[in-house]
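With the sequence shown counted from 1, adding 282 to any position gets you the working numbering.
To start, the structure itself, in structure tokens.
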Amino acid sequence: MFTQTGQARIIAGMQSQNHLNHHAPNRNTALWIPTLLLLGVFLWLGINLPHESLWYDETVNAYLAKSSWSTIWDWSRTIDNQMPLHFWLLKLWVGLVGQSEFALRLFSAFSAWLAAAGIYALGKRLTGKMMGGVFALILLAGSGSFLYAAGEVRTYALALALLTWSCVLLWELWRDAGRIHWKLLAAYLVVILLMVYSHYTAWLGVAAQGIFVGVRLLQNRGRGFKQAILIPIGLALGFTPWLMALAGRDFNAGTAFYGEVSWRTAFEAYIGFAAFGQKILDDAARQMTWWLVAGTVLGGMIWAVAQVWKEGGSQIAAIKGWRDGLVLAVVLLIVPLAGLIFSVNQIEGKLSGRHAWVMWPAIALLLGGGLGQIYAWLPIRVLRISLLGVVIIGLGGLAKTDAGLQDEYSGDFRQAFAILQREANPDDILILQDGTLFTAAEYYESPIPYIGIPQDKITDVNHEVQFYEAMDSLALILRPQTQHIWVMAWQGNTMDPTMLAFALPEYLSDGQRRVWMGPTGPDVYGEVALVEYQITEVKESLLDHIVGYPGILKVQPDGPALLGFDVYTSFHERTEADFCSVMVHSWWWRGDTDYPATMMSVTVFDDEEKRIIQRDQPLAGYTFGQEKWTPYVPTLGRVELQYPCDQLVSGEKYEVWLAVYDLNGEKATQTYLLATFNSPR
């Protein structure tokens, strides 16, 4: 039997809730709306699941998913700066559903679906309105970053799911801060620890949640202090074993170039990624990102203003809850954004838009909170439905813009290895530019032996392969019976800036090659290159060949010297397009003094001195200046000129000229006729 006091409290609570939200749904509506929304997200994810090949970063996770537990442990602990949770869970997943590209992506899609459920639950709690959760879910699911995470065989969808649900648990944990809720606390600590084991930037989310807890402590005048202390203690106990495993490791060694990124560039990169995912933004997309910024700020302001307008003693508790919800959404946005911008501007210039994944739900929450309040203000159903329509149309415009943007990273490794499976002979060998591509070779099961030039398993920006190292690597795999050398490359010029991975087989084959896929120059990104070189005769070692050069010219008075050169021509080398190439290998000796303004120009002229094609570059390329050359070691300056074969007249004679000049005009230009060739009839 209820007491009179108890009855009065229940009636007052019911009146308060009805007064706060006169559009409050009944029990059935509160169930079927999120059910339909999550079903819609499921279908949306199915429609947008990628069908393309895995790109390089995904092959790392795919390779580790089929590797041993010890390999995963060693990789995360000693090789790459990646937390191991996704690798572990993906390994368990492939044990159940297989290791196809579809199966691997299905794990990310399922994780994204859990994140969508989490953002609905979180939005509903933070805004105090079901429609706040509905709008937050729609906005997150419609963003390019969400679809990126859902289709990427990487950790981001898993991390998003853990972030949203950790926030839900934290919110429930602090609804009654007066006592310790042991079950909720244990569940929260498990989820938050899983989150920090999913990605190292998850600590930005932990920091944001810590600020929220601090604000709640101030509001409650210290109530909940014991519970608040237990959270960092639990985190420390759960993460200390990993720190012990990493003891003595330099996390920054070779992972990125030192430098700084301007705050505006970083800001646009992080917001742009949140809107469009991993795309190269054009001017229209950049403008839309600033509209997203304005909308997010406006949504937060509407959310805040709505609280100020609330009046009446019966509403104070609810208003306080909404204010706390706004605080959590704001810190989830500000902390990761500010932390990452500071990091790339002041610590290390490693800019990656996906690292700001912690703030993606915050943008949806702030926009959803504002839209949810506008929805509540609208007096009739038609206007509320119209608001939903406007949001969906806006997301449609975002999706249309997204579809017209170019992927920042791609690479059809699936096709490349399918070509090798079909065309390569058992005695062929494969050179990977660089060794980091071994994960693709292992996942797609290379049919022939391979070696990396260089052999590093992870990119080291401080390691640039030079002549003797490249020669030694090739010698490990080259056999007398080898007749074809294949080269596979994808953004390999960081550690192979002079293109030795291409130059060595070009020397052995006299440039006789077939380009099956992609670009073969040092300054083209985003595509996988696959080139086949045919060896027709045994040649002397490249070192002996270079030693026999007569010496051609020298940058006066004491600069680098051109020892000699080789010129190779290749005609009709592509199946999908009629392209011809001239490849020039110039071999240099470092002088006593470096002259960084020295450039070389290679030009093809016809017999009437009409220029067919020309390329200018520093002697050893744009990223390998003379200050990096090792004295008494031959340094390659490789120039590749590609042009449509129809620019050549059948049977005509063509000349390849070299010009060495100073950008500042301080030294006399030296020219040299490198070779002549006739266009094939």
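We put the CB at the ideal spot given by N, CA and C, even for glycine.
Check: Compare the C-beta of L372 against all C-beta atoms of chain B and say whether one is closer than 7 Å.; Outcome: Of the protein chains in the structure, only one exists, and it is not chain B.
Check: So, at 6 Å on beta carbons, what are the nonlocal neighbours of L653 in its own chain, with the 5 sequence-adjacent residues on each side left out?; Outcome: F417
Check: Beta-carbon within less than 6 Å of V495's beta-carbon, same chain only, minus the 5 sequence neighbours each way: which residues are those?; Outcome: A510
Check: Apply the 10 Å Cβ neighbour rule to P708 and answer buried if 16 or more other Cβ atoms are within range, or exposed otherwise.; Outcome: exposed
Check: Given a cut-off of 7 Å, decide if T851 and F784 are closer than it, judged by their beta-carbon atoms.; Outcome: no
Check: Give me the Cβ distance between L476 and L466, rounded to the nearest whole Å; I'm assuming they're in contact under 8 Å.; Outcome: In fact, because the Cβ distance is near 16 Å, the residues do not count as touching under 8 Å.
Check: Measure the C-alpha to C-alpha separation of M753 and P916 and round it to an integer number of angstroms.; Outcome: 12 Å
Check: So, are the CB atoms of L486 and V612 less than 7 Å apart?; Outcome: no
Check: Can the beta-carbon of G841 be found less than 7 Å from the beta-carbon of Y831?; Outcome: no
Check: Using only the alpha-carbon positions, how far apart do Y954 and L835 sit?; Outcome: 9 Å
Check: Using the three-state DSSP reduction, which class does L956 fall into: helix, strand or coil?; Outcome: strand
Check: Output needed for K949: all residues of its chain with C-beta closer than 6 Å, excluding positions within five of it in sequence on either side, in chain order.; Outcome: none
Check: Looking only at DSSP bridge pairs, what is C862 linked to?; Outcome: Y925
Check: Consult DSSP for P643 and reduce its assignment to one of helix, strand or coil.; Outcome: helix
Check: Is G678 helix, strand or coil when you go by DSSP?; Outcome: helix
Check: Rounding to the nearest angstrom, what Cα-Cα distance links L812 and I623 in this structure?; Outcome: 37 Å
Check: For R795, name the three-state secondary structure that DSSP assigns.; Outcome: strand
Check: With respect to the beta strand (DSSP E) encompassing V938, which residues constitute its N-terminal and C-terminal limits?; Outcome: 935 to 944
Check: Judging by CA-CA distance, which residue of F555, P762, V942, T764 is the nearest neighbour of Q688?; Outcome: F555
Check: Kindly indicate which three-state DSSP category R359 falls into: helix, strand or coil?; Outcome: helix
Check: Is it right to say G933 is buried, meaning 16 or more other beta carbons lie within 10 angstroms of its own, or is it exposed?; Outcome: exposed
Check: By Cβ distance below 8 Å, which residues in the same chain neighbour P878 in space, the five residues on each side in sequence not counted?; Outcome: P900, G907, Q908, E909
Check: Would you mind giving the Cβ-Cβ distance between E922 and S868, rounded to the nearest angstrom? I have them listed as a contact below 8 Å.; Outcome: Contact flag wrong, Cβ pair sits at about 12 Å.
Check: Can you pull the DSSP bridge partners for W772?; Outcome: Per DSSP, none; premise fails for W772.
Check: With DSSP collapsed to three states, give me the class of E705.; Outcome: helix
Check: Give me the residue from L528, A700, W572 with the minimum Cα distance to S728.; Outcome: A700
Check: Using only the alpha-carbon positions, how far apart do I733 and L786 sit?; Outcome: 13 Å
Check: Using a Cβ-Cβ cut-off of 6 Å (strictly less than) and excluding sequence neighbours within five positions of A490, which residues of its own chain qualify?; Outcome: V613, L614, V617
Check: Return yes when the Cβ of G693 is within less than 7 Å of the Cβ of W337, no when it is not.; Outcome: yes
Check: I'd like the ranges of any alpha helix (DSSP H) spanning at least 4 consecutive residues and lying wholly in the stretch 713 to 758.; Outcome: 720 to 725, 749 to 757
Check: Around the C-beta of W572, are 16 or more other C-beta atoms found within 10 angstroms, so that it is buried, or is it exposed?; Outcome: exposed
Check: Compare the Cα-Cα distances from G582 to each of G426, G405, L756 and report the closest residue.; Outcome: G405
Check: For the alpha helix (DSSP H) containing L386, list its first residue and its last residue.; Outcome: 383 to 409
Check: Quick test of your reading: E340 and E434, contact by CB under 8 Å. State the CB separation rounded to the nearest angstrom.; Outcome: 6 Å
Check: Consult DSSP for E788 and reduce its assignment to one of helix, strand or coil.; Outcome: helix
Check: How about Q560 and Y430: are their beta carbons less than 7 Å apart?; Outcome: yes
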